[in-house]
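Protein chains in written order, with the numbering used here: chain A, -11 to 234; chain B, 3 to 197.
Here it is in structure tokens:
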């Protein structure tokens, strides 16, 4: 059998956008994943989930027609979950991976045909669906760098302040994104490093891996009082509350 | 720190129609609290019991809801479970921070007619930006300048400040951590013994 290859060209276009060129069409894709519900572009993950849904509803409808089953309308609700979204955000101390863990597809079919007939077409469609097969078999995606980068060298920028924050929900990263952007826009760039718990964050601060930590009151005590008293393996750096001495 | 980090209090709440009328009435009873490392929903409220001469686990049974330990009760999970425990009559009182009491009595989670505040802790401070003392002032000053340039009156800043739950950034201070300090010492929190 002759292999058939689909080729798409994907090019960066703006801050976090990519434009995908396919045959005589093109579409824009935003960030890989987003937790901000007001984010103004469609993410790569949403395209994948949308593609699964479109594959299922269109595939079902086409097959139903072929099997002479009358179908008025097909609609699907797709829900996807990552194994651990916090790993996508690079939260220190989290385990797992950012890959898709589960995709749930619920399909609503409006048809006067008997339910067994609809079920039979449904099963047949599942076996034929490239997207469903892809996701359920979890084919690993191979990514390798190809060719040289087009530009080299960086821009000179102020060294950003490294800000530590504990993340209990991926949505909290949205707040830090907005705050980082505000600081960047006002000439004081900050980069956020996320931690899965305060213990790791305090350790990173004491070791100087981060400059400032957004600490809970207990983390403050842990860092400043108890660790200093215990004199453990960590350097007993003196800590202070930012803004205290202004 | 945020303006909302200063002068917080936690409450012990109970059912209005119940038999608990004073903190002392909790002797031999059950108190539901949040995660073991939650300052507002566990450590400080248990400190309040201790101030009233009630030793947790000896004089009062503690039902702890250890949700997301390590995150110091940042999320509402443990406090909400503690309240549900009270609502189900599996505890005689539950602990929560004033902000959650305000939110939950407004959004219908708590019927304010059915529950009453039994005791209020002394005020304490919450989160702060912590830096190493050797962090160069020339790097810290721009940070503080930008931080304090956020103004709630500016619509462009408001969304960010609403998300973070504040109306103004205020200078940090350490004077508001005494109550928690007392609680962790009395409960030997850092010694590894949990309350």
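Note that CB positions come from ideal geometry on N, CA and C, so glycine has one too. As the structure is a computational prediction, the values presented were derived from the model and not from experiment.
Proximal residues to residue i (C-beta, below 7 Å), its chain only, five neighbours per side dropped
i: residue 69 of chain A; result: 89 and 90
i: residue 185 of chain A; result: 81 and 154
i: residue 144 of chain A; result: The predicted position of residue 144 of chain A is uncertain, since its pLDDT is 35 and thus under 50; no value can be drawn from it.
i: residue 171 of chain A; result: 177 and 178
i: residue 185 of chain B; result: 45, 46, 48 and 49
i: residue 150 of chain A; result: 179, 181, 198 and 199
i: residue -3 of chain A; result: 9
i: residue 35 of chain A; result: 17
i: residue 8 of chain B; result: 127, 172 and 178
i: residue 182 of chain B; result: 41, 45, 46 and 126
i: residue 27 of chain A; result: 18
i: residue 42 of chain A; result: none
i: residue 159 of chain B; result: 152 and 153
i: residue 112 of chain A; result: 51
i: residue 49 of chain A; result: 59 and 62
i: residue 114 of chain A; result: 120
i: residue 74 of chain B; result: 39, 40 and 41
i: residue 77 of chain A; result: 155, 158, 161 and 182
i: residue 85 of chain A; result: 71, 72 and 75
i: residue 134 of chain A; result: Because the pLDDT of residue 134 of chain A is 49, which lies under 50, any placement of that residue in the model is unreliable, and the number read from its coordinates should be weighed accordingly. Contacts found: none.
Closest Cα partner of residue i within the set the options
i: residue 21 of chain B; options: B/94, B/130, B/37 and B/139; result: B/94
i: residue 152 of chain A; options: A/44, A/120 and A/196; result: A/196
i: residue 119 of chain B; options: B/166, B/67 and B/97; result: B/97
i: residue 12 of chain A; options: A/-5, A/210, A/86 and A/163; result: A/-5
i: residue 102 of chain A; options: A/55, A/33, A/206 and A/158; result: A/55
i: residue 159 of chain A; options: B/77, B/91, B/52 and B/150; result: B/77
i: residue 37 of chain A; options: A/166, A/66, A/206 and A/169; result: A/66
i: residue 53 of chain B; options: B/26, B/72 and B/70; result: B/26
i: residue 117 of chain B; options: B/135, B/150, B/137 and B/90; result: B/90
i: residue 14 of chain B; options: B/135, B/64 and B/192; result: B/64
i: residue 3 of chain B; options: B/71, B/192, B/149 and B/157; result: B/149
i: residue 134 of chain B; options: A/201, A/75 and A/169; result: A/201
Start and end residues, beta strand (DSSP E) containing residue i
i: residue 126 of chain B; result: Premise fails: residue 126 of chain B is in no beta strand (DSSP E) and is neither H nor E.
i: residue 63 of chain B; result: 63 to 66
i: residue 243 of chain A; result: The first residue shown for chain A is -11 and the last is 234, placing residue 243 of chain A beyond what the model contains.
i: residue 185 of chain A; result: Residue 185 of chain A -> no beta strand (DSSP E), and no H or E assigned at all.
i: residue 42 of chain B; result: No beta strand (DSSP E) holds residue 42 of chain B; DSSP gives it neither H nor E.
i: residue 203 of chain A; result: 200 to 203
i: residue 6 of chain A; result: 6 to 10
i: residue 96 of chain A; result: 88 to 99
i: residue 59 of chain A; result: 59 to 70
Beta-carbon proximity list for residue i, same chain, < 8 Å, skipping 5 on both sides
i: residue 142 of chain A; result: The pLDDT assigned to residue 142 of chain A is 37, lower than 50, so where the model puts this residue is not dependable, and the model offers no usable value.
i: residue 39 of chain A; result: 119
i: residue 29 of chain B; result: 56, 61 and 62
i: residue 4 of chain A; result: 18, 19 and 29
i: residue 10 of chain B; result: 42, 99, 100, 101, 125, 126, 127 and 128
i: residue 123 of chain A; result: 40, 88 and 91
i: residue 206 of chain A; result: 186
i: residue -7 of chain A; result: none
Residue i vs residue j beta-carbon contact at 9 Å
i: residue 107 of chain B; j: residue 113 of chain B; result: yes
i: residue 106 of chain A; j: residue 117 of chain A; result: no
i: residue 71 of chain A; j: residue 87 of chain A; result: yes
i: residue 42 of chain B; j: residue 128 of chain B; result: yes
i: residue 164 of chain A; j: residue 132 of chain B; result: no
i: residue 203 of chain A; j: residue 87 of chain B; result: no
i: residue 79 of chain A; j: residue 64 of chain A; result: no
i: residue 6 of chain B; j: residue 168 of chain B; result: yes
i: residue 161 of chain A; j: residue 15 of chain A; result: no
i: residue 166 of chain B; j: residue 167 of chain A; result: yes
Own chain, CB closer than 6 Å to residue i, minus 5 neighbours either side, in chain order
i: residue 52 of chain A; result: 59 and 109
i: residue 104 of chain B; result: none
i: residue 187 of chain B; result: none
i: residue 83 of chain B; result: 67
i: residue 61 of chain A; result: 98
i: residue 1 of chain A; result: 7
i: residue 190 of chain B; result: none
i: residue -1 of chain A; result: 7
i: residue -9 of chain A; result: none
i: residue 59 of chain B; result: none
Residue interval of the alpha helix (DSSP H) (run including residue i)
i: residue 110 of chain A; result: 103 to 116
i: residue 159 of chain B; result: 157 to 166
i: residue 198 of chain B; result: Because residue 198 of chain B is not part of the residues shown, which for chain B are 3 to 197, the question remains open.
i: residue 46 of chain A; result: 32 to 54
i: residue 100 of chain B; result: 100 to 109
i: residue 81 of chain B; result: 79 to 89
i: residue 173 of chain A; result: 160 to 173
i: residue 147 of chain B; result: 139 to 150
i: residue 155 of chain A; result: Segment: none, residue 155 of chain A is in no alpha helix (DSSP H) and carries neither H nor E.
i: residue 74 of chain A; result: 73 to 76
Taking contact to mean 3 or more Cβ pairs, one atom from each stretch, closer than 8 Å, check whether the stretch 188 to 198 of chain A and the stretch 166 to 173 of chain B are in contact. Touching, no.
Pair every Cβ in the stretch 34 to 43 of chain B with every Cβ in the stretch 134 to 143 of chain B, then say whether three or more of these pairs are closer than 8 Å. Judged by Cβ distances under 8 Å, the stretch 34 to 43 of chain B makes no contact with the stretch 134 to 143 of chain B, as fewer than three pairs qualify.
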